Amino acid sequence: DAKTTQPPSMDCAEGRAANLPCNHSTISGNEYVYWYRQIHSQGPQYIIHGLKNNETNEMASLIITEDRKSSTLILPHATLRDTAVYYCIVRGINTGNQFYFGTGTSLTVIP
Amino acid sequence: GAVVSQHPSWVICKSGTSVKIECRSLDFQATTMFWYRQFPKQSLMLMATSNEGSKATYEQGVEKDKFLINHASLTLSTLTVTSAHPEDSSFYICSASTSGNYNEQFFGPGTRLTVL
Numbered sequence: 002d003a004k005t006t007q008p009p010s011m012d013c014a015e016g017r018a019a020n021l022p023c024n025h026s027t028i029s030g031n032e033y034v035y036w037y038r039q040i041h042s043q044g045p046q047y048i049i050h051g052l053k054n055n056e057t058n059e060m061a062s063l064i065i066t067e068d069r070k071s072s073t074l075i076l077p078h079a080t081l082r083d084t085a086v087y088y089c090i091v092r093g094i095n096t097g098n099q100f101y102f103g104t105g106t107s108l109t110v111i112p
Numbered sequence: 017g018a019v020v021s022q023h024p025s026w027v028i029c030k031s032g033t034s035v036k037i038e039c040r041s042l043d044f045q046a047t048t049m050f051w052y053r054q055f056p057k058q059s060l061m062l063m064a065t066s067n068e069g070s071k072a073t074y075e076q077g078v079e080k081d082k083f084l085i086n087h088a089s090l091t092l093s094t095l096t097v098t099s100a101h102p103e104d105s106s107f108y109i110c111s112a113s114t115s116g117n118y119n120e121q122f123f124g125p126g127t128r129l130t131v132l
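Chains as they are written, first to last, in my numbering: chain A, 2 to 112; chain B, 17 to 132.
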């Protein structure tokens, strides 16, 4: 699976948009980009995933660059409950559904 | 929907004993289940992948005789930490997915193991 690179930490003011970047420069054509988050001492929570088109759901938006080498997760109006570690994961078609987690970004939403 | 539970949520045991952790998919059939371990302030590390009715596939460096995985049904997988030692103290998380290559994984809440 392609490796991902994320900043170790970010802060965001409550109510503002949180933009979390992820680099996956070695991604191949059949690999999806997934985002999960983990609130302290809980299991990871699915947020969103995409292949090449931008995606949006009730939690977030995912913007994938045209060359697919990077993506950005956008939380439109961050709340204190969005404070968590956010993981960007790339998964290929022939890897038995396995996810390999990187180090993630620790997002702190500040009141 | 897509709820995964783990039991127990936390356990404390003495060194040398064995501990079993259960992972259940409550409202779907999980053809594949995964076990992860997470040490404090670190990321999740995949330990093994198990498919219902077959032997688990362990990641490199994970001792299969120490971490016994059983996936006897489409809704239950168990992880047994045998002869636990203090260095096995960790947060163990399971996840489950249905058939298909792009389905998301649904994660359990985790089990905190402390070995004294």
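For glycine and all other residues, C-beta sits at the position ideal for the given N, C-alpha and C.
Remember, predicted model here, so these are calculated numbers, not experimental data.
#1: I'd like the ranges of any beta strand (DSSP E) spanning at least 3 consecutive residues and lying wholly in the region 45 to 96 of chain B.
#2: Using the Cβ count rule (16 or more neighbours within 10 Å means buried), how would you classify B/D104?
#3: Using 8 Å for Cβ pairs, my map puts B/F44 next to B/S111. What's the rounded Cβ distance?
#4: Strictly by DSSP, which residues pair up with B/K36?
#5: I want to see whether chain A comes within less than 9 Å of B/F123, judged by CB atoms only; does it?
#6: Contact defined as beta carbons within less than 8 Å: I believe A/D12 pairs with A/T109. What is the distance between those atoms, to the nearest angstrom?
#7: What separation, rounded to the nearest whole angstrom, lies between the Cα atoms of A/I28 and A/E59?
#8: Rounded to the nearest angstrom, what separates B/N67 and A/H25 at their Cα positions?
#9: In the DSSP assignment, what residue or residues form a beta bridge with B/S105?
#10: Between which residues of its own chain and A/E56 is the CB-CB distance below 6 Å, once the five residues before and five after are set aside?
#11: Skipping 5 residues on each side, what residues in its chain have a beta carbon closer than 6 Å to that of A/I40?
#12: Among residues of its own chain, excluding the 5 on either side of A/Y33, which ones have a beta-carbon nearer than 6 Å to its beta-carbon?
#13: If I follow the unbroken beta strand (DSSP E) through A/D12, where does it start and stop?
#14: Give me the DSSP bridge partner(s) of A/G93.
#15: Can the beta-carbon of A/I90 be found closer than 9 Å to that of A/A14?
#16: Nearest chain B C-beta to A/S42 closer than 9 Å, yes or no?
#17: Report the neighbours of A/P77 on chain B: residues whose CB is nearer than 8 Å to its CB, in chain order.
#18: Whole angstroms is fine: what's the gap from A/T104's alpha carbon to A/P45's?
#19: If you draw a straight line from the alpha carbon of B/L90 to that of B/A46, how long is it in whole angstroms?
The structure says:
#1: 48 to 54, 61 to 67, 83 to 89
#2: The residue labelled residue 104 of chain B in the question sits at position 88 within the second sequence. Looking at its Cβ environment, which holds 16 or more other Cβ atoms inside 10 Å, B/D104 is buried.
#3: On the second sequence, residue 44 of chain B is found 28 positions in, with the first residue counted as 1. On the second sequence, residue 111 of chain B is found 95 positions in, with the first residue counted as 1. That belief does not hold up - the Cβ atoms of B/F44 and B/S111 are roughly 12 Å apart, past 8 Å.
#4: Taking the first residue of the second sequence as 1, we reach residue 36 of chain B at position 20. In the DSSP output, where bridge partners are listed per residue, B/K36 has B/T96.
#5: The residue given as residue 123 of chain B occupies position 107 in the second sequence. Yes, its Cβ sits closer than 9 Å to a Cβ of chain A.
#6: Here residue 12 of chain A refers to the residue found at position 11 when the first sequence is read from its first residue. Here residue 109 of chain A refers to the residue found at position 108 when the first sequence is read from its first residue. Sure, about 5 Å apart at Cβ, within 8 Å.
#7: As a first step, residue 28 of chain A is located in the first sequence; it is residue number 27 there, counting from the start. As a first step, residue 59 of chain A is located in the first sequence; it is residue number 58 there, counting from the start. The straight-line gap from Cα to Cα measures roughly 26 Å.
#8: Here residue 67 of chain B is taken as the residue at index 51 of the second sequence, counted from 1. Here residue 25 of chain A is taken as the residue at index 24 of the first sequence, counted from 1. Taking the straight line from one Cα to the other gives about 29 Å.
#9: Here residue 105 of chain B is taken as the residue at index 89 of the second sequence, counted from 1. The partner list for B/S105 (beta bridge, DSSP) is empty, contrary to what the question assumes.
#10: Locating residue 56 of chain A in the first sequence gives position 55, where the first residue counts as 1. Cβ within range, chain order: I49, L63.
#11: Taking the first sequence and counting its residues from 1, the one referred to as residue 40 of chain A is at position 39. Closer than 6 Å at Cβ, skipping near neighbours: A85.
#12: Stepping through the first sequence from its first residue, residue 33 of chain A is reached at position 32. For A/Y33, where only same-chain residues beyond five positions count, the Cβ hits under 6 Å are H50, L52, R92.
#13: Here residue 12 of chain A is taken as the residue at index 11 of the first sequence, counted from 1. 10 to 14 is the span of the beta strand (DSSP E), which, as asked, contains A/D12.
#14: Along the first sequence, one-based indexing puts residue 93 of chain A at 92. In the DSSP assignment, A/G93 is bridged to no other residue.
#15: Position 89 of the first sequence, counting from 1, holds the residue named residue 90 of chain A. Position 13 of the first sequence, counting from 1, holds the residue named residue 14 of chain A. It is not a contact, given that the beta carbons lie outside the stated cut-off.
#16: In the first sequence, the residue the question calls residue 42 of chain A occupies position 41. Cβ-Cβ to chain B under 9 Å: yes for A/S42.
#17: Locating residue 77 of chain A in the first sequence gives position 76, where the first residue counts as 1. Residues of chain B passing the Cβ test: none, with the nearest at roughly 21 Å.
#18: For the purposes of this step, residue 104 of chain A is taken as residue 103 along the first sequence, with counting starting at 1. For the purposes of this step, residue 45 of chain A is taken as residue 44 along the first sequence, with counting starting at 1. Distance between the alpha carbons of A/T104 and A/P45 is about 13 Å.
#19: Taking the first residue of the second sequence as position 1, residue 90 of chain B is located at position 74. Taking the first residue of the second sequence as position 1, residue 46 of chain B is located at position 30. Here the alpha carbons of B/A46 and B/L90 stand approximately 5 Å from one another.
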